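A.B. asks:
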Amino acid sequence: MTRLAPSPTGALHLGHARTFLITWWMARQAGAKIVMRMEDLDLGRRKVESVEQAYADLKWLGMDWDGGSGQGSEDGSQKEVVQSERLEIYAGALQTMWERGLVYPCTCTRADILANVAGSASAPHEAEGQVRYPGTCAGTVWDAAMRAQAVAEVAEHIRWATGKNVCWRLRVRGGVVGFEDRIAGAWGFDVEREAGDFPLTRFDGTPAYQLACVVDDHEMGIDCVIRGDDLLSSTARQLLIYEALGFAPPTFAHVPLVIGADGKRLAKRHGESRIAQFREQGVRAERIVGWAAWRSGMIGELREMTTAEALGLWDLRQLPRARIVLGQDDMGWLTIY
Ligand code: GLU
Ligand code: ZN
């Protein structure tokens, strides 16, 4: 079983479409179930209409998904798993880790962390604006009363997103966390050295992506996670959460992203690439599917096809192992003059 896990923070673009189609082809060819999970925990950026838009975009492209036992709503009227409806489940997992001594509350702001890092002897590892957390709050001694209060607050904290200025961090072990990816091959990250004890919740009390993703993938019975290769380093962090919770991890398949000519992730500045926009302009879904199939090594020349038709052509061995740079060939095919 695998999942489609869009975030409703904006419209889905061509890169998402390709990754989701690959997920769908891989799963359906293997006869596996596909579950839809809406990752709407970024409460500030969540837009209600973006949730519906994401479902609509994927359906328009010809994808479907299955309901699962215990998934979606109890009466079966909704088969999608919606993260914002599951805050208590994440709180429970956090509480388990707290009781095992594997997480701790941290009150450091970003400014605190930067000041601490600057004052310490070890050089900070800074990648993409991320600063390694130096473990400032790791050694806080908790007396019995404080501990009892913290235990009581973990659940409430997440459930109500009370906005307390505390985040919870995982105590990260040193050494490389390695894994064998079904597409990207052997990967390893030293999470302790690169990120340090990373947060499992945000300051607003909501679960961080890493925590919710692991808890859900486990709970939902996902045995193969298929997603964009921008999440390779997240996988190492997530494996540490699997360890902390005593869950067996799934296998992973990270699909090389579609990027702009500047090597960056697709964004507005690269021109229009939103699925909804193509649809509004009258571009047929079959055109986008054909493009995704072509860019996934399934056909040698661009042609239109349905998602179901493309299914028979899917072959993981043909998938390009490098990122796809969106260029004139792509946009020419997808533009209506
Ligand atoms: N919601 C994430 C995204 O849209 C995907 C996370 C995942 O597949 O684990 O990038
Ligand atoms: Zn701290």
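The sequence shown begins at 2 in my numbering and counts up by one. For every residue, glycine included, the Cβ atom is placed at its ideal position computed from N, Cα and C. All of these numbers come straight from a predicted model, not from anything done at the bench.
Any idea what DSSP makes of F190, helix, strand or coil?
C.D. replies: Numbered from 1 along the sequence shown, position 189 holds the residue referred to as residue 190. In the structure shown, F190 sits in a strand (DSSP, three-state: E or B).
A.B. asks: Are H255 and G229 close, meaning C-beta to C-beta below 8 Å?
C.D. replies: Position 254 of the sequence shown, counted from the first residue, corresponds to residue 255. Position 228 of the sequence shown, counted from the first residue, corresponds to residue 229. Cβ distance < 8 Å, so H255 and G229 count as in contact.
A.B. asks: Counting only the same chain and skipping the five closest in sequence on each side, list residues whose C-beta sits under 6 Å from that of S274.
C.D. replies: Working through the sequence shown from its first residue, we reach residue 274 at position 273. Excluding positions up to five away in sequence, the list reads H14, L15 and L267.
A.B. asks: In whole angstroms, give me the CA-to-CA distance for R322 and I184.
C.D. replies: As a working mapping, residue 322 is identified with position 321 in the sequence shown. As a working mapping, residue 184 is identified with position 183 in the sequence shown. Taking the Cα positions, R322 is about 7 Å away from I184.
A.B. asks: With 8 Å set as the bound, which would you pick, yes or no: does the beta-carbon of V173 sit closer than that to a beta-carbon of chain D?
C.D. replies: Protein chains in the displayed structure number just one, and chain D is not present.
A.B. asks: Straight-line CA distance for C107 to A139?
C.D. replies: The residue labelled residue 107 in the question sits at position 106 within the sequence shown. The residue labelled residue 139 in the question sits at position 138 within the sequence shown. Going from the Cα of C107 to the Cα of A139 covers about 8 Å.
A.B. asks: In terms of alpha-carbon separation, which member of W188, T308 and G328 lies closest to K60?
C.D. replies: Stepping through the sequence shown from its first residue, residue 60 is reached at position 59. Per the Cα distances, T308.
A.B. asks: How long is the line joining the alpha carbons of V132 and R238, rounded to whole angstroms?
C.D. replies: Stepping through the sequence shown from its first residue, residue 132 is reached at position 131. Stepping through the sequence shown from its first residue, residue 238 is reached at position 237. Straight-line Cα distance between these residues: approximately 15 Å.
A.B. asks: Going by C-alpha distance, which of A12, E195 and N117 is nearest A277?
C.D. replies: On the sequence shown, position 276 is the one that residue 277 refers to. A277 has its Cα closest to that of A12, out of A12, E195 and N117.
A.B. asks: Assign Q131 to one of three DSSP states: helix, strand, or coil.
C.D. replies: As a position in the sequence shown, residue 131 is number 130, starting the count at 1. If DSSP states are grouped into helix, strand and coil, Q131 belongs with the strands.
A.B. asks: Would you call V216 buried or exposed, if buried means 16 or more other Cβ atoms sit within 10 Å of its Cβ?
C.D. replies: Counted from its first residue, the sequence shown places residue 216 at position 215. Per the 10 Å Cβ criterion, buried.
A.B. asks: So within the region 227-284, which uninterrupted alpha helix (DSSP H) runs reach at least 4 residues, ignoring any that extend past its ends?
C.D. replies: 233-246 and 276-281
A.B. asks: Quick check: the Cα distance between A145 and A57, rounded to an integer number of angstroms?
C.D. replies: Numbered from 1 along the sequence shown, position 144 holds the residue referred to as residue 145. Numbered from 1 along the sequence shown, position 56 holds the residue referred to as residue 57. In a straight line, the C-alpha of A145 is about 51 Å away from that of A57.
A.B. asks: So, Q319 versus M306, is the Cβ gap smaller than 8 Å?
C.D. replies: As a working note, residue 319 is residue 318 in the sequence shown. As a working note, residue 306 is residue 305 in the sequence shown. No, these two residues do not count as a Cβ contact at 8 Å.
A.B. asks: Report back the beta-carbon spacing between T207 and L95 to the nearest angstrom; my notes put them in contact at under 8 Å.
C.D. replies: Stepping through the sequence shown from its first residue, residue 207 is reached at position 206. Stepping through the sequence shown from its first residue, residue 95 is reached at position 94. T207 to L95, Cβ: 11 Å. No contact.
A.B. asks: Quickly, what does DSSP pair M221 with across the bridge? List them, please.
C.D. replies: Residue mapping note: residue 221 aligns to position 220 of the sequence shown, counting from 1. DSSP, once it has assigned bridges, lists no residue as partnering M221.
A.B. asks: Measuring only the C-alpha atoms, how far is F279 from R174?
C.D. replies: Counting from one through the sequence shown, the residue named residue 279 turns up at place 278. Counting from one through the sequence shown, the residue named residue 174 turns up at place 173. The alpha-carbon atoms of F279 and R174 are separated by roughly 46 Å.
A.B. asks: Go through the region 38-111 residue by residue and report every complete run of the alpha helix (DSSP H) that reaches 4 residues or more, in order.
C.D. replies: Taking only runs of at least 4 residues, the alpha helix (DSSP H) segments lying wholly in the region 38-111 are 49-61 and 88-100.
A.B. asks: Heavy atom of ligand 1 less than 7 Å from the Cβ of R228, yes or no?
C.D. replies: Here residue 228 refers to the residue found at position 227 of the sequence shown. Yes - ligand 1 has a heavy atom lying nearer than 7 Å to the Cβ of R228.
A.B. asks: Just the Cα atoms here: how many angstroms apart are G176 and R194?
C.D. replies: Along the sequence shown, one-based indexing puts residue 176 at 175. Along the sequence shown, one-based indexing puts residue 194 at 193. For G176 and R194, the distance between alpha carbons rounds to 8 Å.
A.B. asks: In whole angstroms, give me the CA-to-CA distance for G328 and T20.
C.D. replies: The residue given as residue 328 occupies position 327 in the sequence shown. The residue given as residue 20 occupies position 19 in the sequence shown. C-alpha separation (whole angstroms): 18 Å.
A.B. asks: Could you tell me which residues DSSP pairs with E305 in its beta bridges?
C.D. replies: Taking the first residue of the sequence shown as 1, we reach residue 305 at position 304. E305 is not bridged to any residue.
A.B. asks: Quick one: Cα of R172 to Cα of F199, how far?
C.D. replies: Mapped onto the sequence shown, residue 172 falls at position 171. Mapped onto the sequence shown, residue 199 falls at position 198. Their Cα atoms are separated by approximately 8 Å.
A.B. asks: Can you tell me whether M39 is buried or exposed, with buried defined as 16 or more other CB within 10 angstroms of its CB?
C.D. replies: Here residue 39 refers to the residue found at position 38 of the sequence shown. Buried.
A.B. asks: Find out if the Cβ-Cβ distance for the pair I223, P251 is shorter than 8 Å.
C.D. replies: Sequence index remark: in the sequence shown, residue 223 carries index 222 (1-based). Sequence index remark: in the sequence shown, residue 251 carries index 250 (1-based). Taking 8 Å as the Cβ cut-off, I223 and P251 qualify as a contacting pair.
A.B. asks: S8: buried (16+ other C-beta within 10 angstroms of its C-beta) or exposed?
C.D. replies: Within the sequence shown, the letter at position 7 stands for residue 8. With 16 or more neighbouring CB atoms inside 10 Å of its own CB, S8 falls in the buried class.
A.B. asks: Can you tell me whether DSSP reads D198 as helix, strand or coil?
C.D. replies: By one-based count along the sequence shown, residue 198 stands at place 197. Coil at D198, not helix or strand.
A.B. asks: With 16 as the cutoff for other CB atoms within 10 Å, does S51 come out buried or exposed?
C.D. replies: In the sequence shown, the residue the question calls residue 51 occupies position 50. When all chains shown are included, S51 counts as buried.
A.B. asks: Measure the CB-CB distance between A293 and L314 and report whether it falls below 8 Å.
C.D. replies: Position 292 of the sequence shown, counted from the first residue, corresponds to residue 293. Position 313 of the sequence shown, counted from the first residue, corresponds to residue 314. Their beta carbons are not under 8 Å apart, which means A293 does not touch L314 by this criterion.
A.B. asks: By alpha-carbon positions, which one of D316, A286, R324 and E302 ends up nearest to A18?
C.D. replies: Here the question's residue 18 lines up with position 17 in the sequence shown. Taking only the C-alpha atoms, the option nearest A18 is A286.
A.B. asks: Could you check the C-alpha separation between Q84 and V49 for me, to the nearest Å?
C.D. replies: Along the sequence shown, read from residue 1 onward, the residue named residue 84 stands at position 83. Along the sequence shown, read from residue 1 onward, the residue named residue 49 stands at position 48. About 13 Å.
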